[in-house]
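All remarks here apply to the structure that follows.
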Amino acid sequence: MPSAPKHKAVFLDRDGVINVFPGDGKFVLHYNEFIFMPQVAENLARLRAAGFLLVLVTNQSGVGRGLMKLEALHEIHDRMQDLLAASKLDGIYYCPHHPDERCRCRKPSPWMIERAAEDLQIDCARSFLVGDSGRDIEMGRAAGLRTALCRENLPPSIEAMEPRYRPEKLFKALAPAVDWILAESR
Ligand SMILES: [Mg+2]
Ligand SMILES: [Zn+2]
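Residue numbering for the sequence shown is 773 to 958, as defined by the working numbering.
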């Protein structure tokens, strides 16, 4: 049987990319605390229109730390999907574990990306990751994705970063990162 054609995808971190980063050591514990970054739905729509699947990959150790129940995390994601409407994500992968559990899914492990690639028939070589932390980039690189670091306070240069955290590109916001992905995938 011939294998199905594979999709291209953009993998997105959640806190700091889709919604406002709640701060180091802080967690979004309830959907009332979930605040979208500017123009997220519009930018996701541009990627979808170009044929990309949209996949969320997020560490949510607030669950493993006992700060929130898994049901609360699911409520946050259900609400996020409702509000994204036509820009709804095609897949949501999360690690709920405490860092000390040494699970296989927690970033920077590429496990969540590998699962999504299998579930959704994704070709990682034609796919991208957008994240706001070195750990995101390390995961994306390990999975063979092209990577963009996206956050307001960027390091002065890629060379100034620890080698394993170095992305292909730096952007101050999601919109220019999406511009780059669209230009590169033409
Ligand atoms: Mg983040
Ligand atoms: Zn995990």
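Here a beta-carbon is modelled for each residue, glycine too, at the ideal position from N, C-alpha and C.
These figures come from a predicted structure and were not determined experimentally.
Throw me the rounded Cβ distance for the residue i and residue j pair, which I believe falls under 8 Å.
i      : j      : result
Pro868 : Gly836 : 6 Å
Asp862 : Leu825 : 4 Å
His779 : Ala844 : In fact, because the Cβ distance is near 31 Å, the residues do not count as touching under 8 Å.
Arg918 : Phe900 : 5 Å
Arg818 : Val950 : 5 Å
Val827 : Tyr865 : 7 Å
Ile953 : Ala915 : About 16 Å; that fails the 8 Å criterion.
Gly788 : Arg923 : 6 Å
Ile909 : Arg874 : Not quite, the Cβ-Cβ distance comes to about 21 Å (not below 8 Å), so this is no contact.
Considering only C-alpha positions, which residue in the set the options is nearest to residue i?
i      : options                        : result
Asn815 : Arg851, His802, Gly834, Leu856 : Leu856
Ala888 : Val782, Pro777, Ser775         : Val782
Asp850 : Arg958, Ile885, Phe806         : Phe806
Leu921 : Ala914, Ala915, Arg907         : Arg907
Ala813 : Tyr803, Ser833, Gln853, Lys778 : Gln853
Arg936 : Ser905, Ile953, Lys778, Leu801 : Ser905
Gly834 : His870, Gln893, Asp895         : His870
Asn804 : Val829, Pro794, Ile848         : Ile848
Arg876 : Asn831, Glu934, Gly838         : Asn831
Val829 : Arg898, Ala914, Pro939, Pro882 : Pro882
Met809 : Asn925, Arg878, Ala945, Ile885 : Ala945
Ile790 : Leu839, Leu842, Gly823, Ser859 : Ser859
Gly838 : Gln811, Arg874, Gly823, Phe799 : Phe799
Pro777 : Ser929, Asp895, Gly912, Ser957 : Asp895
Ser729 : Gly823, Asp796, Gly788, Phe793 : Limits of the chain in this structure are 773 at one end and 958 at the other, which puts residue 729 out of reach.
Ala947 : Gln811, Phe793, Gly795         : Gln811
Phe793 : Arg913, Ala897, Met933, Asn925 : Asn925
Met911 : Ala955, Arg878, Met840, Ser775 : Arg878
Glu940 : Arg913, Pro928, Ala955         : Arg913
For chain B, check one thing: does any of its Cβ atoms lie closer than 7 Å to the Cβ of residue i?
i      : result
Asn815 : Here chain B cannot be found, since the structure has a single protein chain.
Margin query: Please give me, in chain order, every unbroken run of the alpha helix (DSSP H) with length at least 4 that falls completely inside the stretch 848 to 894.
Written below: Counting only runs of 4 or more, we get 883 to 892.
Margin query: Which residues neighbour ligand 1 when neighbourhood means a C-beta less than 7 Å away from any of its non-hydrogen atoms? List them by chain order.
Written below: Those residues that have a beta carbon less than 7 Å away from any non-hydrogen atom of ligand 1 are, in order along the chain, Asp785, Arg786, Asp787, Gly788, Val789, Phe793, Gly903, Asp904, Ser905, Asp908.
Check: What residues sit near ligand 2, counting only those whose C-beta is closer than 6 Å to one of its heavy atoms, in chain order?
Finding: Selection output, chain order preserved: Cys867, His869, Cys875, Cys877, Arg878.
Check: Which residue spans inside the stretch 796 to 835 form an unbroken beta strand (DSSP E) run of at least 3?
Finding: Inside the stretch 796 to 835, DSSP marks whole beta strand (DSSP E) runs of 3 or more residues at positions 824 to 831, from first to last along the chain.
Next item on the list: With a floor of 3 residues, list each beta strand (DSSP E) that falls wholly inside the stretch 915 to 946, ordered by position along the chain.
Entry: 918 to 922, 941 to 943
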